[in-house]
Amino acid sequence: MYELNRKLRKIEGYDPAAGTSRIILDANESPFNINELFREEIAEGVGKLSLNRYPDPYANKAIKAFAKFYNVPENCVTAGNGSDELISIITSCFLEKGDKVLTLSPDFSMYAFYGKLYETNVTVMQKDDLYNTISVGKIIEYCNNNEIKAVIFSNPCNPTSLGIKREEIIRLIKNVFCLVIVDEAYMDFWTESILPDIAEFDNVIVLKTLSKALGAAGVRLGFAVAGELITGALRAAKSPYNTDLLSQEIGRIVLSHRDIAEKNIAYIVAAREKLQEELVKLSDRYPCLDKVYDSVTNFVFIKTSKGLEIYEKLLEYGISIRYMGIYIRITSGTNDENAELVKALTEILAQICEAE
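As structure tokens, then:
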């Protein structure tokens, strides 16, 4: 009888949000459907594609649009089938079996998942229990004293919604001897990106995605930005046709409309700020909402002892959020969706919590 090998016997797959509710606030997606925004342009662009031909192996048109959008050199960009594929390539190719990798917690669990899958030695450094922050100095000290080969984390962080300032990230990069992988999936909602400094360093990779601020989660297109040495290795290590014709063309179109992207991002940030204010008011009234964190993303992170009850009761209202043990994470939707969420949550808290 065939048996799985040791690492596959122990594997536990990532549990992605699969919201089918009337109001989906569980996956940090954009509330704006790009197919509605660019329907005619997408139809025209896709209609001209020769689907009998293999796609451009380097996604040059999409990369050119990305480079212009973020003002980075084209020769420093690699396209991938979402950031997830790029994380997998980096972990499997830039690290070897037994290499020591540092990740943080709470953070995106796929960093540790891929590290363990490719048999690296993963250390998870816990953040402060209450404030969910961590000292960059502590990371530097640990990396340099423990022969760490790579450190990977999100900034701003998913799920905590918090961010580390640009100068602190640069201090980290300058003071460690390992590879630093910074996932900036949510940086479009903040202003502390290290992309302008990417060419100065040879030990950093910045990951970007179209799935959050740019509203193209269904397209599955991500980018890694690094110096020429790392970029050359990434392009050589990836599979030849890792991004398809459709994703390349739609990505090119989305990235070609900075004005629309900036307008949508401004809306999302304003909506999230208003949602956060309302949730803080509820936390002042209902102590079971222990802490509402100060977000710099498109979602709000809350520590609560009533997370499971809140999650389940919101589903009865047709609203899905992310339940994470002692935390819940709520994506900011449209203003109308957020208002409905707050109304439902107010009714739920009145049932399950004692007001002060």
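Position 341, counted from 1, in the sequence shown is what my numbering calls 384; the numbers after and before it change by one each time, with no gaps. Glycine included, each C-beta is placed from N, C-alpha and C at the ideal position. In this text, all values refer to a predicted model and were calculated from it rather than measured experimentally.
Asked	Found
Where F220 falls, given that 16 or more other Cβ within 10 Å makes a residue buried	exposed
Candidates D337, A304, P100 and N175, of which the one nearest K317 by Cα	D337
Rounded Cβ spacing between L215 and I183 (contact assumed at less than 8 Å)	6 Å
For N307, three-class secondary structure by DSSP	helix
Status (buried if at least 16 other CB within 10 Å, exposed otherwise) for N76	exposed
C-alpha gap between G56 and F156, whole angstroms	8 Å
Distance between G258 and R82 (C-alpha atoms, nearest Å)	14 Å
DSSP-derived helix/strand/coil call for T389	helix
Whole-angstrom distance between K159 and G141, CA atom to CA atom	10 Å
I195 versus L145: straight-line alpha-carbon distance, rounded	7 Å
Between the CA atoms of F244 and N164 - distance to the nearest angstrom	25 Å
Distance between N188 and A313 (C-alpha atoms, nearest Å)	43 Å
Start and end residues, alpha helix (DSSP H) containing G88	R82 to G90
Close beta carbons around F371, own chain, < 7 Å, minus the five adjacent residues each side	According to the sequence provided, residue 371 is Ile. The question's Phe does not apply to it. Answer for I371: I345, T347, G350, I353, Y354, I364 and R365, listed in chain order.
Cβ-Cβ distance between V249 and E271 below 7 Å	no
beta-carbon I54 near the ligand GDP non-hydrogen atom, thresh 6 Å	No copy of the ligand GDP occurs in the structure displayed, which carries no ligand at all.
Rounded straight-line distance, which links the Cα of D287 to that of N95	12 Å
C-beta contact flag for I308 and D231 at 7 Å	yes
Nonlocal neighbours in the same chain, by C-beta distance under 8 Å from K208, ignoring five residues either side	E235
Nearest-angstrom beta carbon gap, V339 and S326 [assumed within contact, 8 Å]	Wrong, their Cβ atoms sit about 18 Å apart, outside the cutoff.
Buried or exposed by the 16-neighbour rule on C-beta atoms within 10 Å, applied to A304	buried
Extent of the continuous beta strand (DSSP E) run through S148	K143 to S148
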